[in-house]
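Some notes on the structure that comes next.
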Amino acid sequence: MNKKHLSLVVFAITLSGLVACSGQQKTQQTDSTTTSEVIPTETTIPYRIAEAYFATSDTLPSVITTQEEQEKYLGMATTMGQRPTKIDWTKEFVIPVVLPSTAISTEIIPVSLVRDVAGELTFTYQIKKGEDLKTAEIRPFIAIIVSRDVLGPVHLLPQTECV
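For the sequence shown, numbering that gives the first Met the number 0 gives the first residue as 0, with consecutive numbering after it.
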């Protein structure tokens, strides 16, 4: 076998190994035949962003379920063009994320909200840092509004950026 053919064989083996690693499916053995069965371990949960709110401190509970809690932990930033998003506390709850105050322009970007089979929620977000604000400080904050139908323990997961 010449070097060109050997390189193609090595490439094909490497490619098939990568493809095999990316398709994580569970297999189930039944009557000496193998069947592939995808067993869902997480469900994506819809949410909406709570606009025009801010965190009143650097630490917040993992969920806010009442208007009284909202008034304690979140301020409303009403402006001429924007009013705070309405929250129906009988049908919805809030997952807030706050970072410590900083002099660096910082944005929290929502990535996903999933519920596992145990009913626990994981909110994944990305932190995007920008320029030095020089003389000002901000408290990076985001809150999402979620249906009360999925209320459960919440885990916050900052996502690492791919290199």
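Backbone N, C-alpha and C define an ideal beta-carbon position, used for all residues, glycine too.
Given the structure is predicted, the values throughout are model-derived calculations rather than measurements.
Note on the stretch 30-118: whole alpha helix (DSSP H) runs with a minimum of 4 residues are 66-72, in chain order. A contact is defined here as three or more CB-CB pairs under 8 angstroms, and the stretch 135-155 meets this definition with respect to the stretch 100-108. Per the Cβ contact rule, the stretch 47-61 is in contact with the stretch 84-100 (3 or more Cβ pairs under 8 angstroms). Sorting 118, 115, 116 and 110 by C-alpha distance to the C-alpha of residue 124 places 110 at the top. The beta carbon of residue 73 sits closer than 6 angstroms to those of 52, all from its chain and outside the five residues before and after it, given in chain order. For residue 143, the enclosing beta strand (DSSP E) covers residues 140-146.
For the options 149, 130 and 108, the alpha carbon positioned closest to that of residue 118 is the one of 149. Around the CB of residue 66, fewer than 16 other CB atoms lie within 10 Å, so the residue is classed as exposed. With a threshold of 16 other beta carbon atoms within 10 Å, residue 145 meets it and is buried. For residue 43, the closest C-alpha among the options 113, 60 and 84 is that of 113. DSSP places residue 121 inside the beta strand (DSSP E), whose first and last residues are 120-131. Under the DSSP definition of a beta bridge, residue 153 partners with 120.
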